[in-house]
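In what follows, a single structure is set out as structure tokens and then discussed.
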Amino acid sequence: MSQPGSAYSLEKREEKPERHTMSVLVDNEPGVLARVIGLFSGRGYNIDSLTVSETEHEAHLSRITVVTSGPPMVIEQIKAQLERLVPVHSVTDLTVLGNPVERELALVKVAGKGDKRVEALRLAEAFRAQVIDASIEHFTFEITGRLSKIEQFIALMQPLGLVEVSRTGLAAISRGAERM
Amino acid sequence: MSRTMTGAEMVLQVLADQGVEHIFGYPGGAVLPIYDELFKQDRLKHILVRHEQGAVHAAEGYARSTGKVGCVLVTSGPGATNAVTGLTDALMDSIPIVCITGQVPTHLIGNDAFQECDTVGITRPCTKHNYLVKDVNALSRVLHEAFYVARTGRPGPVVVDIPKDIQFAKGEYTGLTNSQHKSYNPQTEGDERAIAAAVELMANAKRPLFYTGGGIINSGPLASERLREFVRETGFPITSTLMGLGAYPASDKQWLGMLGMHGTFEANNAMHDCDVMICIGARFDDRITGRVDAFSPESKKIHVDIDRSSINKNVKVDVPIVGDCARVLEQMIAAWRAKKPKIDKPALKSWWAEIERWRARNCLHYRKRDDVIMPQYAIERLYALTRGYDTYITTEVGQHQMWAAQLFKFEEPNRWMTSGGLGTMGYGLPAAVGVQVAHPDSLVIDIAGEASVLMTMQEMSTAAQYDLPIKIFILNNEYMGMVRQWQELLHGGRYSHSYTAALPDFVKLAEAYQGVGIRAEKPSELDDAIREMIAIKRPVIFDCRVDKHANCFPMIPSGEAHNHMLMGDDLTEEDLEKAITEEGKVMV
């Protein structure tokens, strides 16, 4: 006889996790970010990336861009739960809208001498990374691009003397002329 | 119209503008200016509780029995943290509450001041919304908004934290406005296409079932009326969750009783076997679904809920409808009538025949005894003897709560106050206080367990102070009965700390609280004792000594499907030991 399942076994069912980028328009007021983050931690949702900044000063609106992953039912829940928060104006699942424009900025510090230093600079040029600080011992690059490009650049810098990285997290916007 | 006044005056003005008549609270340093304003007036009645948790539960009972927003006023620090259990309870059961908390003055916030706590931080996950007001000119707008947020959409608790200096400061008062909230606008109207799809499913159903919940009660009396109309017009069977009891009259022949873990055999089997499920204002909670992957496998599911996030959370549904129950029911009835559906009458007839066979199993049967009061018998007698009265029932949490849900028959909404989602032991007594404040001439009974009721027993003192003749009907078995039942099912009958060896004498305790104590130990004396209790116009603690080992059945063991119920009358010890699988044991 097969063992009965339990409510807790639901997650084990084969629903492939998906990665979604959501854009959340919120009132820029104290505590709103804590509400969003608390929602994710309290309900066990993933945050892969999160950025927030006021985008409309007169209306005091901030845009939170959050990259999350989970099975489709959980993604639907995340959107519904975010919409339920009182200071949230709108939640747009950019991934559902299709192929959003996504960019991240990273500052990458690399220290080294000789060939490695030359190689790092050459790769930076290939990736269109800017040198924004330098000494005879190091470079700090500024690189902008999609997630995969930044990941790749950091991986390449690893053997060339990567010291540290600071990343902004993803900013994203839908394609086309419409507002979200 | 704007007027200049202090923050504390604004609080009273908002409460007046909102039509608030009663507020439950407890004073302290950080709310003294507001208490001073309370002192200067006699329109608003303040009920002084004995613990802030009791204030919130009382406000919940008040709200649930009237449909109004319940109001609470507590101080900073421990006042706020004590309220947290009540706030969480109200959030889980969607009860509209506005809780005003005092806070240390703004310049001390963050300094670990005396009686300071991060109230908005602590209450953020246990409220629908909360506010810290740092500008007196925003105070009245925020308070009015708090009422709006608490009572609209899916109702819930809202906290407004007011630093003491803001209570003293003078500012402009903004009265009630009709302007729309900039971001919070709950959808009440159901989508017409979804409603058409739902009606289509219903029209072609062979084994339909209504499954309703607390959302019907929250929506207001109109939702219950519409539900009754629709259910009778369709001829479909109906069951409800714990929170939805009373929305549909329990005496009606289409009523199958409560469903879920301790629901009836007929309701749960109907859930399992139905082909169209019409869920209105319920949320597929784990007490309802049991094993999710075996939940009602054959049915198309319609789900009406005002909270979009309740839809497709636990169970994937076929026709989601976001909207207010009363409005959506109205739309569904209109669509149903316009369609003039040809119901498959033979199919419906054989579905009812099947249900009658389940019903004939008489799942709530128990063995009556002459020497000892069976707890089920006590509830049956309490129900029978209070039928002629204007009765409101509250409960604590545990076996007694389930027996009350199974055996007390509710004919009207707003008559049944219980802690469903959070399962808060100690809810019933303060809730009864709140209900009695709202309905001073009604018969308000807290069906209690002796363990639960001791958690908030101090509110007897509140009942005495305000001459609230609440009746605490304790099914006293000296055990935390539901804990013991689970220890029997899961842990080989090792009753770890579920027996209370030093209980108070409840009769003397009642007297100490200036109430009346009554004890019944034999079935033969029960009726007279209950009649005596009803006749007393003072708070009563009724110590009903019941069978110490009775368990609550039927029961869907955790990790099982609806059609695998444990029935009480034919269980052997061996059955009990095997009832819950290893996998089921990890569930609560």
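Chains B and L supply the protein sequences, listed in that same order. Residues 1 to 180, numbered by our numbering, are exactly what the first sequence covers, in order. Residues 1001 to 1588, numbered by our numbering, are exactly what the second sequence covers, in order. Ideal Cβ positions, reconstructed from N, Cα and C, are used throughout, including at glycine. All figures in this text were calculated on a predicted structure; none of them were measured in a lab.
request  = Might you give, ordered along the chain, the residues of its own chain that have their beta carbon closer than 6 Å to the beta carbon of Pro4/B, omitting 5 neighbours on each side?
outcome  = Any answer about Pro4/B is weak, because its pLDDT of 39 lies below 50 and its placement is not dependable; what the coordinates show is given next. Same-chain partners within the cutoff: there are none.
task = Determine the burial state of Asp1089/L: buried for a count of at least 16 other Cβ atoms within 10 Å of its Cβ, exposed for fewer.
result = buried
Where the alpha helix (DSSP H) containing Gly1135/L begins and where it ends
Position check: residue 1135/L holds Asp in this sequence, whereas Gly was assumed. Here Asp1135/L belongs to no alpha helix (DSSP H), and DSSP marks it neither H nor E.
Item to check | Same chain only: Cβ atoms within 6 Å of Met1402/L, ignoring 5 sequence neighbours per side | outcome: His1262 and Cys1552
message = Against chain L, which members of the segment 60-82 of chain B pass a CB distance test of less than 7 Å?
response = Met73, Glu76, Gln77, Ala80 and Gln81
- Query: In this structure, what does DSSP give as the bridge partners for His1491/L?
  - Reply: None, per the DSSP bridge assignment.
Three-way DSSP call (helix, strand, coil) for Phe1210/L in this model: strand
Worksheet item: Would you say the segment 1078-1093 of chain L touches the segment 1051-1061 of chain L, given that touching needs at least three Cβ pairs under 8 Å?
Response: yes
Go to Leu1256/L, then tell me how far its beta strand (DSSP E) extends in each direction, as first and last residue. Trp1255 to Met1258
Cα separation between Ala1205/L and Val1292/L? 23 Å
Cross-chain neighbours of Ala177/B in chain L, by beta carbon under 8 Å: Going along chain L, no residue has its Cβ under 8 Å from Ala177/B, so there is no contact; the nearest lies around 24 Å.
Review point. Cα separation between Ile1166/L and Val1011/L?
Key: 11 Å
Inset, instruction - Spell out whether any CB of chain L is found under 7 Å from the CB atom of Gln3/B. - result: Because Gln3/B sits at a pLDDT of 38, beneath the cut-off of 50, its placement in the model cannot be relied upon, and the following sentence gives the value as read from the coordinates. Closer than 7 Å: yes.
My parser needs the alpha helix (DSSP H) runs of 4 or more residues fully inside the segment 1445-1510 of chain L; what are they?
1450-1453, 1459-1465 and 1481-1490
- Query: Quick one: which chain B residues come within Cβ less than 8 Å of Ser1589/L?
  - Reply: Here chain L covers residues 1001 to 1588 and nothing more, so residue 1589/L does not appear.
Closest residue to Val1098/L among Phe1039/L, Gly1121/L and Val1074/L (Cα-Cα distance): Val1074/L
Inset, instruction - Pick out the complete alpha helix (DSSP H) segments inside the segment 1259-1327 of chain L, 4 residues or longer, and give them in chain order. - result: 1265-1273 and 1286-1289
Own chain partners of Ile1587/L with C-beta closer than 6 Å, once the 5 adjacent residues on each side are dropped: A quick correction: the sequence has Met, not Ile, at residue 1587/L. Result list for Met1587/L: Ser1558 and Gly1559, in chain order.
Where do the N-terminal and C-terminal ends of the alpha helix (DSSP H) with Pro1430/L fall, by residue? Gly1428 to Ala1438
Open item on the list: Going by DSSP in three states, Met1555/L sits in which element: helix, strand or coil?
Closed with: strand
TODO: Measure the Cβ-Cβ separation of Met1425/L and Arg1064/L and say whether it is below 7 Å.
DONE: no
In the DSSP assignment, the beta strand (DSSP E) including Tyr1383/L goes from what residue to what residue? Taken as a continuous stretch (DSSP letters only), Tyr1383/L belongs to no beta strand (DSSP E), being part of the alpha helix (DSSP H) at Pro1375 to Thr1386.
Checklist line | For Asn28/B and Thr51/B, the rounded distance between their alpha carbons | finding: 14 Å
According to the neighbour-count rule (16 or more other Cβ atoms, all chains shown, within 10 Å of its Cβ), is Thr1234/L buried or exposed?
buried
Contact with chain L by Gly215/B, beta-carbon distance below 7 Å = This structure cannot speak to residue 215/B, because chain B is shown only from 1 to 180.
Q. Are at least three pairs of beta-carbons, each pair with one atom in the segment 60-68 of chain B and one in the segment 39-48 of chain B, less than 8 Å apart?
A. yes
Check your understanding: Comparing alpha-carbon positions, which option in Thr1123/L, Leu1227/L, Leu1245/L and Ser1240/L lies nearest Ile1288/L?
Key -> Ser1240/L
Query raised in the report: Using DSSP with H/G/I as helix, E/B as strand and the rest coil, what is Leu10/B?
Result: Unreliable positioning characterises Leu10/B in this predicted model, as indicated by a pLDDT of 44, which lies under 50. A coordinate reading is not provided.
task: May I ask you to list the residues that DSSP assigns as paired with Arg63/B?
output: Leu25/B and Ser53/B
Same chain only: Cβ atoms within 7 Å of Ala172/B, ignoring 5 sequence neighbours per side: Thr21, Ser23, Thr65, Leu94, Pro100, Val101 and Glu102
List the residues of chain L whose Cβ lies closer than 8 Å to the Cβ of Ala34/B, in chain order. Gly1121 and Arg1124
Starting from His1022/L and walking both ways along the alpha helix (DSSP H), at which residues does that stretch end?
Element bounds for His1022/L: not the alpha helix (DSSP H) but the beta strand (DSSP E), His1022 to Gly1025.
*Give a yes or no on whether the minimum CB-CB distance between His1129/L and chain B is below 7 Å.*
yes
Between Tyr1184/L and chain B, is the shortest Cβ-Cβ distance under 7 Å, so that the two count as touching? yes
Have a look at Ile1355/L and Thr1264/L and give me their C-alpha separation to the nearest angstrom.
11 Å
Taking 7 Å as the CB-CB limit, is Pro159/B close to chain L? no
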